[in-house]
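Undergrad: One structure coming up, written as structure tokens, with questions to follow.
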Amino acid sequence: MEIPRENIAPNLPPFPGHIQQPAQNGLTDNGQHFPPMYPFPNVAASERNYSPDPQMHQIAGHVQKMNLGPENYRSDNPPYSFSPSTAPYAAPAYSAYSQVSKEMNSAYSFPVPPANPAGINPATSEPASYQLGLNNSPMPPQFVAAPATVPFLDSSRSNSPVVNQLPPKGTTVPSGMIPEMEKRADVNAVPPGSMPPLSSSSERSPSVQSFSSVPQGIGNLPSAVNPPPPMPQMPGMPTVPLGKPPQAAYGAGGTQFKPNEPNYQQGPYNAQYTAPTAAVPPCFPPGSAGPYAPASVPTFPAAPSAGSGATFPPAFPASMGPPAPPMDALSGGPGAGQKRLDPNMMPSLIQVIEDDRKARGGLFQTGFDHAEQPPLCTTDFFAEDQGNCNPKFVRATLYNAPISNDFLKQSALPFGLSITPMANLSAEERPLPIVNMGELGPVRCHRCKAYMCPFMTFFDGGRRFRCPFCSVSTEVPEQYFSHLDHTGRRIDANERPELHLGSYEYVATKEYCKDGIWPQSPVFMFMLDVSYNAVRSGLLNKFCQNIKFLLHNLPAEHGKESAIEVAFVTYDSSIHFYEMKKGMEAPKMLIVNDVQEVFVPVGKNLFVRPSEAGAIVDQLTEKIMAMFGENKVTEVVLGPVLQAGVETLKAYGRAGKLFVFHTSLPTLEAPGKLKSRDDRKFLGTDKEKTVLTPQGDFYEKLGEECVSAGCCVDVFLFPNSHVDVATISAVCCLTGGQLYRYPYFEAEIDGDRFLADLKHNLERPIIFDAIMRVRTSQGLRPTEFFGNFYMNNATDVEMAALDSDKCISIEIKHDDKLEPGNAYFQVAVLFTSVTGQRRLRIHNLALVTAPDFAALYRSADLFTMINLLSKQAERMQLQKSPKDVRDSLISRSAQTLATYRQKCSPSSSLGQLVLPEAMKLLPLFINCMFKSDSFSGGSELTVDDRAWLMHIIPSMTVAELVNYFYPHVISVLNLESSREVATGMRCLYENLSPDNAYLLNNGVVLFLWVGANVQAQWVQDVFGVNSFAQINVDKHHLPEKDNPTSRTLRCLVEEMQATRQRRLKLFIVKQQDRMESWFKKFLVEDRADSHPSYVEFLCLIHKEIRSLLA
């Protein structure tokens, strides 16, 4: 008798979003009993197979498998293939994507092989990914998917193509199919009488991918000895002569970087960047459309024919090795007969981000007694502090702490924290409470000096407490005593923030102050270059005309007026101080001509409050413009200016920040003099360290001196030529400061961007004279620190200032094996507030220890891992060659995934690439890291370009680095009708339609790409011109037009800019224009120069994993 679906559907498990624990004793997660058997629906009774497995409802949501093997692939089933175009790798016949809960996916299942009747992975107690086996028998016509246009009747059902491929009632399963199945397939229930359609690639969720599996091993992979069956070349496919490099076709029709040409003088990040226009390379046949051919025709060249002695693509750098398997399917030679893996079917960052936003946006409870794994940093959430700190302050790479060093070493996972102590909170999150213990001061453990936190346990009637970090007990001070309740908890726990919150602040006592002296309120010193270059570019006037407005919103606390005072200094070949005082008739100028040994003319009125002396500040700025408006001095100093600033703060006994506005290389004979070394030919080679490291130690020693005086340095550069960013940036990095660059600055073009950056810098939350220490449980210790700071010992991180945009990453290592339970971390920051109060900010985090590898991988926060790995790689490239850096990252990534394969999915075939669900995007980010200009920028960049891009990496937050490595791309054509266009697109050129326009930003640069066939009305509305050809790409702003399209687009750009710590320069790029090749560098899933595409890199990682497991 046929079992109707409607009789089984009510017994399906619920939709919790993800499985918290494996089912036990035949019960679902909510305690309901399973049906005794799970039939394969719509199959005749005589052909029906049953499985009594009580755990068949589970699916390995944490596992993702991709069959990259080439053999036994059936190319006669186009409806089930990834793409109709030919390509290098075998594509699976089925793609079991789903958008519903994992329990739903496996309500009906194929029987499992007898060797593993439950289908359960013995290493993890969880099932592996289930897949349909393949054979050489043709599929019956009944296995044709329903039309993709048929909508779902029930939105809770899945779009899984496996459901669509079920035969109608009464159809038998092909007899040749059942014996060859390695795994069971996950099948979704659907409403009676309806057949869901085959979903499009954009609708499929990458979180549950089950690629078809065929029995294969290393011997089955394509090679010269064992090539795959040939397949004739598709009509219209471009071919390439033997030995043609891949980039010749990749950038066809666009611009190729040619640094050796005389008209290529600037780097791509410069305002006056130009690049030569290249014709369509000869690799495209006459009359072809080049790279803008229809999507069905591949736009990259084919491989030479068999027997030619070469394969496409050419060999990767030795550090990478060739892709696996070879891309020789396009030419009809060895390897032909296979279809390409559609890049859109690979694990998608966009899908992961959107799924997390939908599932975990809104309220997040941090948990107690151990931290709950938080939403992704890209998700808009607000946290409720329950004893573990808000993840906006501290994120861990693993939310299950490895129990031993051997455990961690074997997995090769990075274990550490990304800390943003002053992170901005949302409106729904309450500010940190300030605890004032009076003369008693903060209560601490007497052994390890950890501060009182919710993880301290009280005993002996509340007279003593035990520290979770060192396990030593300490007597409770009499003033702090409280009785315990029947659970052993203090009765005043909910009244004291330090006993029930993960983050809070203490008011410090005098013993926490430098030299035992209470600090004064901090100061800002503005040090302005007034040389000829500053006057000519318009910097001088732009600053003087606007600074008085920017001083209205200096940082303040609790709605009070800002206590920060300001001073002004100008300089060229000499240094000029200014005395100001409320009621003074005119500012008084003090000149220091001796720049060899700078002294500070200490006056009584160098610092004033803007609110009290607004008129005198106006007089000063007018006087500066009048005095230096015709200045012809070209040689400037820099080192003596910084020395004068720090000596001034020392003389006044104040902490603060120097804002230095500088225009050119300091070549005047004085301390800090630099020589030009703009040798871009070294970039990308083993010799690049010679131009990317400081040329002397003057600025590093000066930075250390600044830290000891509590003097932070922010440098704003406005160069027309090389200024040696690698050397000057050292003083910013050591003091907790930041370096900004505006190459070829023109006030009319770049002035607003400069003022926006300065405004954000002045107004953001900030603390001064800070020292941070991280305490950990016994058996753990912080070892490596990354960020903008100075360390005089192995534990204390010193920063002259710390703002809300700065992140410090820390690697954690083991000293001993951890006890089962929790691992504890406490971040303590001692600082001076903007009001001059000495305080402590405390963040606490508890991580449960991982009992096995499966728990370790399940708890991974990939974005935080990438933050730590990229900062380690940035430091490594100043010590090793680029090849060594790439080798190290690839090797570590392969080891991580190989260990997962070995420990958590040992039964999988070597022909399958197995990725943990939480880390399925690891290969994507590693490949993106290699492609970023911070790591691979060559001679197409200037030395200062590359040095600045490296400088910004260490202090970036987790969210900023995610956006930097994988740019955000959105369509902007129909914004007026669909305002919610925040959903991104994959960074693939083939996904850009010539009929559309797109915004791309990576936190450093902003592009508006306009397709060649975009609507003329849209062009008229946005740019005010009649045709695509008339769009002016030399402008860096959108004209203000009075129509909905223009207003909405400009509002969207402003919203994107508002969330950035630096304002982005807009570049307008037309399709097939000279700037398009630079734009393509940011489409990180495509092949770029010598770097593989995302699909090719997956194959490379797969090859590395196989070699480790062989």
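For the sequence shown, full-length UniProt numbering assigns the number 1 to the initial residue and increments by one for each residue that follows. Beta carbons: idealized from backbone N, C-alpha and C, even for Gly. Every value quoted in this text rests on a predicted model; they were computed, and no experiment measured them.
#1: What separation, rounded to the nearest whole angstrom, lies between the Cα atoms of E579 and A508?
#2: May I ask you to report which of helix, strand or coil DSSP gives residue 1112?
#3: Report yes if the C-beta distance between H843 and V827 is below 7 Å; otherwise report no.
#4: Are the CB atoms of R892 and A493 nearer to each other than 7 Å?
#5: Can you tell me whether DSSP reads P442 as helix, strand or coil?
#6: In terms of alpha-carbon separation, which member of P820, M791, T832 and T776 lies closest to L802?
#7: Cα separation between A854 and K903?
#8: Can you name the residues that DSSP bridges to G416?
#9: In this structure, how does DSSP classify E475 when only helix, strand and coil are distinguished?
#10: Take the Cβ of F459 as the centre, count every other Cβ of all protein chains shown within 10 Å, and call the residue buried at 16 or more, exposed below.
#11: Less than 8 Å between the CB atoms is what I'm expecting for A655 and P522, so what's the real figure, rounded?
#12: Restricting to Cα atoms, I'd like to know which of K1070, H760 and T366 is closest to D805.
#13: Bridge partners of T832, per DSSP?
#14: Would N436 and A846 qualify as a contact pair, given that the criterion is a beta-carbon distance under 7 Å?
#15: Within 10 angstroms of its Cβ, does F599 collect 16 or more other Cβ (buried), or is it exposed?
#16: Can you tell me which of the three DSSP states D686 falls into?
#17: Report the rounded CA-to-CA distance for V914 versus S908, giving the unit in angstroms.
#18: Please specify which runs of the alpha helix (DSSP H), each continuous and at least 4 residues long, are wholly inside the region 493-563, giving them in chain order.
#19: For D485, which residues of its own chain have a beta-carbon under 6 Å away from its beta-carbon, when the five flanking residues on both sides are left out?
#20: Please classify F935: does DSSP put it in a helix, a strand, or coil?
#21: Span of the alpha helix (DSSP H) holding P994?
#22: Among the residues of its own chain, which have a CB less than 7 Å from the CB of residue 1131, if the five just before and after it don't count?
#23: Measuring only between beta-carbons, confirm whether Q373 sits less than 7 Å from chain B.
#24: What's the C-alpha gap between E961 and N1002?
#25: Considering only residues of the same chain and omitting the five flanking positions on each side of I591, which have a CB-CB separation below 7 Å?
#26: What are the start and end residues of each continuous alpha helix (DSSP H) run of 4 or more residues lying completely inside the region 1030-1087, in chain order?
#27: Under the assumption that F469 contacts R775 (Cβ atoms under 8 Å), give the Cβ distance between them as a whole number of angstroms.
#28: Is the region 1025-1043 in contact with the region 1055-1067, if contact means three or more CB pairs nearer than 8 Å?
#29: In this structure, how does DSSP classify H486 when only helix, strand and coil are distinguished?
#30: For K681, I'd like the list of residues in its chain whose CB is within less than 7 Å of its CB, leaving aside the five on either flank, ordered along the chain.
#31: Within 10 angstroms of its Cβ, does E561 collect 16 or more other Cβ (buried), or is it exposed?
#32: Is it right to say S729 is buried, meaning 16 or more other beta carbons lie within 10 angstroms of its own, or is it exposed?
#33: Going by C-alpha distance, which of A894, R1062, G438 and Q872 is nearest P954?
#34: Kindly indicate the opening and closing residues of the beta strand (DSSP E) around T570.
#35: Can you tell me whether DSSP reads R48 as helix, strand or coil?
#36: For the region 653-740, list the alpha helix (DSSP H) runs that are entirely contained and at least 4 residues long, ordered along the chain.
TA: So, to answer that:
#1: 34 Å
#2: Outside the modelled stretch of the chain, which goes from 1 to 1110, sits residue 1112, for which no answer is possible.
#3: yes
#4: no
#5: coil
#6: T832
#7: 8 Å
#8: E811
#9: strand
#10: exposed
#11: 5 Å
#12: H760
#13: F768 and R838
#14: no
#15: exposed
#16: coil
#17: 8 Å
#18: 497-500, 532-537 and 539-550
#19: I491
#20: helix
#21: Per DSSP, P994 belongs to no alpha helix (DSSP H) and is neither H nor E.
#22: Shown here, the chain extends from 1 to 1110; a query on residue 1131 therefore has no answer.
#23: Of the chains in the structure shown, none is chain B; there is only one protein chain.
#24: Note that residue 961 is Leu in the sequence shown here, rather than Glu. The straight-line gap from Cα to Cα measures roughly 9 Å.
#25: S574 and H576
#26: 1044-1058 and 1076-1080
#27: 5 Å
#28: yes
#29: coil
#30: S939
#31: exposed
#32: buried
#33: Q872
#34: E565 to Y571
#35: Residue placement at R48 cannot be trusted, given a pLDDT of 33 that sits under 50; the coordinates are not used to answer.
#36: 689-692, 698-708 and 725-735
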